[in-house]
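Asks: Residue numbers (the UniProt record's numbering): 1 to 214.
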Amino acid sequence: MLGDEAFRLAKEAKDITSAHIPVYNEEQVRLVTQETRYLWTRIEEMIASLNSNNKTTGATAEGSQLNTNGQTSLYILTAGRNKRCLLAYHHRRMEFLRSLLWSIHLAPSLVPPTLSQRLSPEEQNFSREYARLNSAYRDAVEDQLCPNDSLDWTANGELPPRDMFIEVRVVRDCGEIVTESGVVNLHVGTQHYLRRSDIEHLLTIGYLEHTNAV
Numbered sequence: 001m002l003g004d005e006a007f008r009l010a011k012e013a014k015d016i017t018s019a020h021i022p023v024y025n026e027e028q029v030r031l032v033t034q035e036t037r038y039l040w041t042r043i044e045e046m047i048a049s050l051n052s053n054n055k056t057t058g059a060t061a062e063g064s065q066l067n068t069n070g071q072t073s074l075y076i077l078t079a080g081r082n083k084r085c086l087l088a089y090h091h092r093r094m095e096f097l098r099s100l101l102w103s104i105h106l107a108p109s110l111v112p113p114t115l116s117q118r119l120s121p122e123e124q125n126f127s128r129e130y131a132r133l134n135s136a137y138r139d140a141v142e143d144q145l146c147p148n149d150s151l152d153w154t155a156n157g158e159l160p161p162r163d164m165f166i167e168v169r170v171v172r173d174c175g176e177i178v179t180e181s182g183v184v185n186l187h188v189g190t191q192h193y194l195r196r197s198d199i200e201h202l203l204t205i206g207y208l209e210h211t212n213a214v
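(1) May I ask you to report which of helix, strand or coil DSSP gives residue 193?
(2) Between which residues of its own chain and residue 42 is the CB-CB distance below 7 angstroms, once the five residues before and five after are set aside?
(3) Which residues in the same chain have their Cβ closer than 6 angstroms to the Cβ of residue 198, if we skip the five residues on either side of it in sequence?
(4) Measure the C-alpha to C-alpha separation of residue 78 and residue 31 and round it to an integer number of angstroms.
(5) Sorted by chain position, which residues of the same chain lie with C-beta nearer than 6 angstroms to residue 190's C-beta, five sequence neighbours on each side aside?
(6) Under a three-way DSSP split, which group does residue 188 fall into?
(7) Going by DSSP in three states, residue 59 sits in which element: helix, strand or coil?
(8) Measure the Cβ-Cβ separation of residue 21 and residue 97 and say whether it is below 9 angstroms.
(9) Below 9 angstroms between beta carbons: does that hold for residue 135 and residue 110?
Next up, the structure:
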């Protein structure tokens, strides 16, 4: 039935939450796009047919025209609904990615491989470009506001940190990170005493845990 494929895609969009994103459904997107193209082709054909039959007169022709008008309207409405479902599906996924990137300090390399595999190539490219553009904007703003300091744009703004330096344990391998004190290797199971602002984003996404948190 017309619109069924778009309905399935809309249901998938509804399943996207702040903590979960399904695998990008390329096949379902293709089916909705294919149906929409078919509908617009039929719409153009029916309009062309109506224009060519303008010379026809009589009750039969009038009834046929009313039927064609009704079918054309149905196709136009369905094509519009398909488009809205496609936009909603991709918008929900983009919102998830934007939120994720800010939570990991605009560092696409920290996206877990299991999550990255659920993204389309276009979404992976979006993540890299979004992070690059926002990082460039952030750096430009920092240069204007505080040229001699650095702002943590992803820190929790509700409560100020109690300690500038904290002891943390690595629960997921992070590799090497660059801090104000130099390069630190964050391997699973190791503990470190680090400046909070250097590793706040890793705490947020669960790669590190605060060993003396109350």
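Ideal Cβ placement from N, Cα and C applies to all residues, glycine included.
Replies: Taking the geometry as given:
(1) Strand.
(2) Cβ neighbours of residue 42 beyond the five flanking positions: 75.
(3) Hits under 6 angstroms: 179.
(4) In a straight line, the C-alpha of residue 78 is about 14 angstroms away from that of residue 31.
(5) Once the five neighbours on either side are set aside, the close Cβ partners of residue 190 are 170.
(6) The DSSP-derived three-state label of residue 188 is coil.
(7) In this prediction, residue 59 has a pLDDT of 46, which is less than 50 and means its spatial position is unreliable; nothing more can be read from the coordinates.
(8) Contact: yes.
(9) In this structure, residue 135 lies away from residue 110, with their beta-carbon atoms at least 9 angstroms apart.
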